[in-house]
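Heads up, the sequence shown is in the working numbering, so the first residue is -1 and it goes up one at a time.
What follows is one structure encoded as structure tokens, with my remarks underneath.
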Amino acid sequence: MLMSTIFIVDDHPVSQLAVQVVANGKGYDVVGTCDNGHDALVYLRNHRPDLVVIDIDIPPPDGLEVIKRLREENYPGGIIVLTTHSDQHFVDRVRAAGANGFISKNNQLDALADAFRAVLNGYEFFPQRQSSSGRPDGIQPEKDLLSRLSNRELQVLGYIARGELLVEIAEKLHVSNKSVSTYKRRIMEKLGLSKTLELVEFAKRNHLA
């Protein structure tokens, strides 16, 4: 019986190793790893592993964009997102992009083996939708605001929150400085903010930094 094959996309060596250890321990064949979206797409256009395990926050294109392109190009395998993000809006975005599973690095690494088994058998593996009950006033509206942002705008917001300069963001995304400025302006308009400091504080409250 052939072993199921897994390809890992993560720019954190420790996370790569953790996935490999779990996969090998369960009898899966890790056929390769890489640390950025560009190399992932090059590999996956020429190979068809049964499962891709990918982080969202990888060098361009980011994980969401990689997933979207793979599905547009009819990649038939399973895709599991393994990320430090755990908020519901991230779960919703990766699901919409075409992922089959979602695991937070913060507290669910022990669920990797279950996720592998589920997705490789044709099922989805997502956390239960978080309830809004018991949350402080004002938190849910901010989550609703985040849903207005495109995936690229969310990516730019994350870079800004981490203190990246516009010119540095432009270089990472391979776009012009003007394009990044436009993204920033649109983000602030959609969120109803007028100052960069407010933008950073908003992002940190919503675990985007």
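We put the CB at the ideal spot given by N, CA and C, even for glycine.
C-beta contact flag for residue i and residue j at 9 Å
i, j, result
"K188", "A159", "no"
"V12", "A21", "no"
"L171", "V154", "yes"
"G76", "V40", "no"
"V51", "D33", "no"
"I54", "H10", "no"
"A252", "I56", "This structure leaves residue 252 out entirely; the chain is present only between -1 and 207."
"H145", "D90", "Rather than His, the amino acid found at residue 145 in this sequence is Ser. A contact, by the Cβ cut-off of 9 Å."
"K141", "N204", "yes"
"E71", "G35", "no"
"G61", "V92", "yes"
Span separating the alpha-carbon of residue i from that of residue j
i, j, result
"E151", "Y181", "6 Å"
"N44", "L191", "44 Å"
"P74", "P47", "9 Å"
"A97", "L163", "31 Å"
"N149", "K176", "18 Å"
"V17", "G23", "10 Å"
"P59", "V19", "26 Å"
"D111", "I78", "Per the sequence shown, the amino acid found at residue 111 is Ala instead of Asp. Distance between the alpha carbons of A111 and I78: 11 Å."
"L42", "I167", "26 Å"
"R69", "G25", "27 Å"
"L147", "I185", "7 Å"
"T81", "F100", "8 Å"
"F5", "F114", "12 Å"
"A38", "V178", "24 Å"
"G156", "Q86", "16 Å"
"V165", "L15", "33 Å"
"E196", "L206", "13 Å"
"F88", "Q126", "13 Å"
"K193", "M1", "53 Å"
"T31", "F123", "22 Å"
"R67", "L49", "15 Å"
"V173", "T3", "35 Å"
"E169", "G161", "15 Å"
"L143", "R183", "15 Å"
"S129", "F200", "Here the model assigns S129 a pLDDT of 49, short of 50, so the residue's position is not dependable, and the following value carries that caveat. Cα to Cα, the separation comes out at about 21 Å."
Continuous alpha helix (DSSP H) assignments of at least 4 residues falling wholly in the region 16 to 66: 35 to 42
Could you name each continuous beta strand (DSSP E) segment of 3 residues or more that falls completely within the region 65 to 119, going from the start of the chain to the end? 76 to 81, 99 to 102
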